[in-house]
Amino acid sequence: MNPPDNNQDNAPSTPHSQLPTPPPQSNSNPNPDPTSISISNPSFEQMVSFSAPKKRRRGRSQRSTSSFHTLPNPGGILSNIDAAPRSTNPGIGDEIITINKDATTEALLALTAGFPADSLTEEEIDFGVVPVVGGIEQVNYILIRNHIISKWRENISSWIAKESFLDSIPKHCISLLDSAYDYLVLHGYINFGISQAVKDKVPPTQQQQSKPSVVIVGAGLSGLAAARQLLRFGFKVTVLEGRKRPGGRVYTKRMEGNRVEAAADLGGSVLTGTLGNPLGIIARQLGCSLYKVRDKCPLYRVDGKPVDPDLDMKVEGAFNRLLDKASKLRQLMGDVSMDVSLGAALETFRQVYGDATEEMSLFNWHLANLEYANAGLVSKLSLAFWDQDDPYDMGGDHCFLPGGNGRLVHALSENVPILYEKTVQTIRYGADGVKVTAGHQVYEGDMVLCTVPLGVLKNGSIKFVPELPQRKLDCIKRLGFGLLNKVAMLFPFVFWGTDLDTFGHLTEDPANRGEFFLFYSYAQVAGGPLLIALVAGEAAHKFETMPPTDAVTRVLQILRGMYEPQGINVPDPIQTVCTRWGGDPFSFGSYSNVAVGASGDDYDILAESVGDGRLFFAGEATTRRYPATMHGAFVTGLREAANMAQSAKSRGIRKRIDRNPSKNPHACATLLADLFRDPDLEFGSFSIIFSRRNPDPKSPAILRVTLSEPCKRNDDPVADQYSNKILFQQLQSHFNQQQQIQVYTLLTRQQALDLREVRGGDEKRLYYLCETLGVKLVGRKGLGIGADSVIASIKAERTGRKPALSSSGTKSGMLKVKSGALKRKLIRRIKGPVPLNQNNNGDSETVKHESLGNGKASVQATIADTIRSSSTQEENKWLGTGVASSSGIHSS
Ligand SMILES: Cc1cc2nc3c(=O)[nH]c(=O)nc-3n(C[C@H](O)[C@H](O)[C@H](O)COP(=O)(O)OP(=O)(O)OC[C@H]3O[C@@H](n4cnc5c(N)ncnc54)[C@H](O)[C@@H]3O)c2cc1C
C-alpha cells in the first residue's frame, strides 16, 4: 500500500469511472463572500466530493488521509435500471418507470438525506413501504422516494403535497407514491422544520383533545425536534426542561462590554457537514447563510514560534498513517480489538516502529485533536469501533451559523409548550400510560420521550419505574461520555487576523496536550471579536476545578507567547466565560463516544423503546450514525416522533397487543431483534431461530438474511440465470458497506439445516433459497400472522431457559448456545472486518482468541505481537519511512 499523496488530499476516490472527477478544493479563501456559502441543493460535484472521515475531521480539518470514505455506489441505481426492462408505456406494471431523467442526481440527494441511493433502509422495510422486498416495485418505490425528496429540497420552505406528484407518477404506481410520501412525511424527511408552511399544518389545540398525550423530558435539539413533529401530528405535548432555557448542550451566550458584543456558542458549534444536514435545512428556512470554516490552521510551538509547515504536514501524515495502521490492526485482531483502546494501539505502534520524539509535541497535538473529536481519552476509546460512524459522515463543509446556533434553538422552541426549571426525578411507565415526576408535580401522559444526555442516565439522576431492562442499563454503562470545555473571550479588537478561523498551540506535557490546544475565531460570524479556546482530553477534566481567573491568565500567556514576538499586542479580554460541562447536572459531560467494550450496537440499544411503546428515547447518544452531533440529536427527535405516532396508532387499533405481536410493529421488532441476538444457527449472512425443544424436521424456523457487507459485483454469469434478478441486483449494488438490510422468511427446520450445507458462500445459498426452495424474502412485517405464533412460542420457550449452556465449538453453522461469545461475533460481523479464515464453504469463521489480561502491558504485548506477525515487510518499510522522514526533516 502506498502512502497517501498529500497533493491529493481533497480529491476523493470515486469507485465508478462514470462519475465526473470533482474539482480539487482550494484552501485559499473558501468564502469569497465571507458571510455566505451556498447551502441550497448541492451540485452533483459537491455531492460526490464526500468526505474525509469525520472523527478525524472535527477541529482542524484533515489535510491528508489515505482512508477516504468514498462515495457509495451512486451509479447503482442506474445500473439496476439499465439492466431491467424500461417502461415506455406507463400502464405496464412490471417495468421500471421514468419519473425524472436525472435519476442519479435524485439518488444522490436521497443519499444525503440518509437513504441508500438504490435500496431500502431497514426502517423502510419495517414500515412495509413495499409489499415484497426486491423486485420491480421496490425499484419504482425508490425512484419515487428519491424524486419526492429532491422535489422538496428544491423548495424547503414549502409544504409539498402528495397531489403535486400525481401528474408525474404513473397511475399504477399510486400506491407506491402513497407509501413513499407517507413514510417521508411521518419520519420527517420532508415537510419538516420551522417554515410558515409547516407551522400552518399544526392543528389547532381544540383538535388535539382526542389525540394521545406525550411528555418530553428535555428541550435540547432532540426534544424540540420531536415536540414540533408531534404537535404537527396533533398530539398533546408537554416538554419538561430542567434548565431555565431551551437548547441543552446548544447554548449561545451573548457577551458584551465596551461597545463590542458577540454571540458565543459554548456548546455545539460547528455544523459538521452540510450535505443533507437537517439543521442546514432549518438554517435555510430561517433565511440564514452558513459560513464555511476555513481549512487554514497554523500551529504554534510551546515557545510561541510557528511550526514549520513542512514538518507539520509530515507529522500529520505520519499520524494519519498510524490511524490507518490501527484500522488494519483491529481487523487482524478480530474480537480482541473490542477490549483494546485506540490509545494502546497507537502507543504500541509508536514503540514498535520507533517514535518521532522530536515531533512528539506535534504528535500529541493530533492526539488532543482526536480527543476533542471524540470527547474522550484515546486510552478509553474502543480500538474496534471508535470511528464506527465515519461512513455516515454528512459530507460537505464544516460550517458556523452566523449569530450562533441559539438562532436554531430559538426558532425550534417557538410555540412549543415548554415548562422550564422542571427537573425530572422519576419516570413511571406501564400499561395504562406514564407518570413523570418533577419536584412535587406529576405529569401524566400516554407516552414519554426521554432525551436527557447519556451523562444524566449514567449518573442515575432519573429513576425509572420499573427499572430499565438490563441490556439498556449495560449499554448506558458501556458507552463513553466524555468532556470538552471552552474558554470564550470577547476582546476589544481582532488581534489574531481575519484570514483564518482556527489556529493551534502545542504543549510539552503530554498529559496536558488538550489544554487550549485549538482556538476558534468567531470574528466573522459572532458579530464581534470573539475567540474560543478548547480544552480537551485529560486537561478538560482538570479544567473543571481550575479557577476561571487562572484559566484566563494561562490562555493569555499562551496567546501573548504567540503574538507578541510578531509585534502584535494582545489586549486583556473584555469578558470571558469558562464552561464546566462535566459538573453540569443537566449533562454531566459533553458528548458520547464508543469506549472500550462498547460498540455501535449500544447506540441502537439505547434508542430502543421500552414498556410496550410507552417509554421512548432520543438524543445524540441514541444514533449510531450521527452520535455526538447536533444534527444527530435533531434526527433522533424526528425518528422518535414517528415511532411514537406509530405506536399510538397501533395501540389505538388494537389494545391487547400481547396476543398478537405483529399488530404492534415495535413490540414485534423488539421481540424478533431480541431472539436473533441469540440465533440457533448462524452462517455467513444467515441467522436462524427455531424451537430448541422440538427436533421435528418439519417444525417451523425463521430465517433472517443480513446484508451488511459488499457483495461481489454481478459479473458472475450464473447470476443472470436467477429469476430473482432484480433482487440480486439490488443486493449486489447495495452501496453502503455499513448499511444493513434484513429480510426474513419462514421455512422448516430441515430446510434451514439443508441451507447451511450449501457450498459456495452466501450467493449460492441465496440462490438455493429463492430458486430451489422457492421462498420469498420479505421485510419483517411481511412475515405476517403466520410467523407470530412461531415467534411467540420461541420467545416463551426461551424465557424459561437459562441463557448460557456449554458450547461445543464455534465452527460455522454449529448450534450456538453461548450468548456472550455470540454477541461478540455478531458485532464483528456487523462491523464487517476482513474475515480471518475462509473455510471450505467460503464462509468466514470465528477465530477464537485467548482473552487478554486487563493489564496494559499484556494488551500492548499482544498488539505488538500481532503487528510483528502480521505486517508484511513492505508495510513495515512504509510505516517506518513515514515516521523516520518526519524526524529527518526536524533534525535538518
Ligand atoms: C462543548 C460542546 C461542544 C460541542 N460541539 C459540537 C459541534 O461543534 N458540533 C456538533 O454537531 N455537536 C457538538 N456538540 C454536541 C451537541 O451539542 C449535542 O450532541 C447535542 O446538542 C445534543 O442534543 P440532545 O438533544 O441530545 O441533548 P441536550 O441538548 O443535552 O438536551 C437534553 C436536555 O435535557 C435536559 N435535562 C437533563 N436532565 C434533565 C432532567 N432530569 N429533567 C429535565 N430536563 C433535563 C437538559 O437540560 C437538556 O436541555 C458539542 C457539545 C458540547 C457540550
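Residue 6 is where the sequence shown starts when you use this note's numbering, and the numbers rise one by one after that.
Don't be surprised by glycine CBs; every beta carbon is placed ideally from N, CA and C.
In this text the structure is predicted, and so the values were computed from the model without any measurement.
I need the boundaries of the beta strand (DSSP E) containing residue i, first residue and last residue.
{"i": "GLY435", "result": "429-435"}
{"i": "GLY509", "result": "507-510"}
{"i": "GLY438", "result": "438-443"}
{"i": "GLU687", "result": "686-688"}
{"i": "GLN234", "result": "Per DSSP, GLN234 belongs to no beta strand (DSSP E); it is in the alpha helix (DSSP H), 226-237."}
{"i": "GLU520", "result": "520-526"}
{"i": "LYS901", "result": "Here the chain has residues from 6 to 897 only, and residue 901 is not among them."}
{"i": "LEU489", "result": "489-495"}
{"i": "VAL242", "result": "241-245"}
Can you tell me whether DSSP reads residue i as helix, strand or coil?
{"i": "GLY787", "result": "helix"}
{"i": "THR750", "result": "strand"}
{"i": "ASP514", "result": "coil"}
{"i": "TYR296", "result": "strand"}
{"i": "ASN34", "result": "With a pLDDT of 39 at ASN34, under the threshold of 50, the predicted position of this residue should be treated as unreliable, though the coordinate-derived value follows. Correct three-state label for ASN34: coil."}
{"i": "SER655", "result": "helix"}
{"i": "GLY624", "result": "coil"}
{"i": "LEU388", "result": "coil"}
{"i": "GLY572", "result": "coil"}
{"i": "PHE120", "result": "coil"}
{"i": "ARG709", "result": "strand"}
{"i": "SER184", "result": "helix"}
{"i": "TYR256", "result": "coil"}
{"i": "VAL582", "result": "strand"}
{"i": "LYS800", "result": "helix"}
{"i": "LEU484", "result": "coil"}
{"i": "GLY80", "result": "For GLY80, the pLDDT reaches just 37, beneath the cut-off of 50, and the residue's location in the model is therefore unreliable, although a value from the coordinates is still provided. Coil."}
{"i": "SER824", "result": "Low per-residue confidence applies at SER824: pLDDT is 27, beneath 50, and the placement is therefore not dependable, though the value from the model is reported in the following sentence. DSSP places SER824 in helix when its eight states are reduced to three."}
{"i": "VAL341", "result": "helix"}
{"i": "GLU100", "result": "coil"}
{"i": "ILE286", "result": "helix"}
{"i": "CYS404", "result": "strand"}
{"i": "CYS178", "result": "helix"}
{"i": "GLU768", "result": "helix"}
If you follow the alpha helix (DSSP H) that residue i is part of, which residue opens it and which one closes it?
{"i": "PRO314", "result": "314-338"}
{"i": "ASN263", "result": "Where ASN263 is concerned, there is no enclosing alpha helix (DSSP H), given that its DSSP letter is neither H nor E."}
{"i": "MET365", "result": "365-379"}
{"i": "GLN146", "result": "Rather than Gln, the amino acid found at residue 146 in this sequence is Tyr. Segment 141-159, the alpha helix (DSSP H) holding TYR146."}
{"i": "GLN201", "result": "201-204"}
{"i": "ILE610", "result": "605-612"}
{"i": "ALA545", "result": "542-548"}
Going straight from the alpha carbon of residue i to that of residue j, what length do you get?
{"i": "GLU364", "j": "ILE101", "result": "59 Å"}
{"i": "GLY825", "j": "ASP340", "result": "For GLY825, the predicted structure reports a pLDDT of 27, less than 50, and the residue's modelled location is therefore unreliable. A value from the coordinates is still provided. Cα to Cα, the separation comes out at about 12 Å."}
{"i": "ASP402", "j": "VAL275", "result": "10 Å"}
{"i": "THR353", "j": "GLU111", "result": "46 Å"}
{"i": "PHE681", "j": "ILE693", "result": "8 Å"}
{"i": "LEU280", "j": "LEU113", "result": "10 Å"}
{"i": "LYS301", "j": "SER294", "result": "21 Å"}
{"i": "LEU454", "j": "GLU762", "result": "46 Å"}
{"i": "LEU327", "j": "ARG698", "result": "51 Å"}
{"i": "LYS468", "j": "ALA288", "result": "37 Å"}
{"i": "ILE573", "j": "PHE500", "result": "7 Å"}
{"i": "ILE707", "j": "GLN201", "result": "48 Å"}
{"i": "THR627", "j": "ASN263", "result": "43 Å"}
{"i": "ASN648", "j": "ASP131", "result": "11 Å"}
{"i": "PHE691", "j": "GLY278", "result": "35 Å"}
{"i": "SER54", "j": "LEU712", "result": "A caution first: SER54 carries a pLDDT of 38, below 50, which makes its placement in the model too unreliable to give a value."}
{"i": "VAL530", "j": "GLU520", "result": "24 Å"}
{"i": "VAL137", "j": "PHE120", "result": "19 Å"}
Between residue i and ligand 3, is there a pair consisting of the residue's CB and a ligand heavy atom that are separated by less than 7 Å?
{"i": "LEU295", "result": "Ligand 3 is not among the ligands present in this structure, which contains only ligand 1."}
Check your understanding: Does the stretch 577-592 come close enough to the stretch 456-475 to have 3 or more Cβ pairs within less than 8 Å?
Key -> They touch, by the three-pair rule.
Exercise for review: Could you tell me whether the stretch 240-260 touches the stretch 212-232, using the rule of 3 or more Cβ pairs below 8 Å?
Suggested key: With the rule of 3 Cβ pairs closer than 8 Å, the stretch 240-260 counts as touching the stretch 212-232.
Check your understanding: Counting Cβ pairs, one atom from each stretch, are 3 or more of them under 8 Å apart for the stretch 343-350 and the stretch 556-571?
Key -> As far as the Cβ criterion goes, the stretch 343-350 does not touch the stretch 556-571, which means the pair count is below three.
Check your understanding: Below 8 Å, can you find three or more Cβ-Cβ pairs linking the stretch 408-420 to the stretch 247-259?
Key -> The stretch 408-420 vs the stretch 247-259: in contact.
Exercise for review: Check whether the stretch 321-335 touches the stretch 385-394, counting contact only when three or more Cβ pairs, one atom from each stretch, lie closer than 8 Å.
Suggested key: The count of Cβ pairs closer than 8 Å, one atom from the stretch 321-335 and one from the stretch 385-394, reaches three, so the stretches are in contact.
Check your understanding: Is the stretch 187-206 touching the stretch 145-157, taking contact as three or more C-beta pairs under 8 Å?
Key -> Remark: three or more beta-carbon pairs, one from each stretch, lie closer than 8 Å, so the stretch 187-206 and the stretch 145-157 are flagged as touching.
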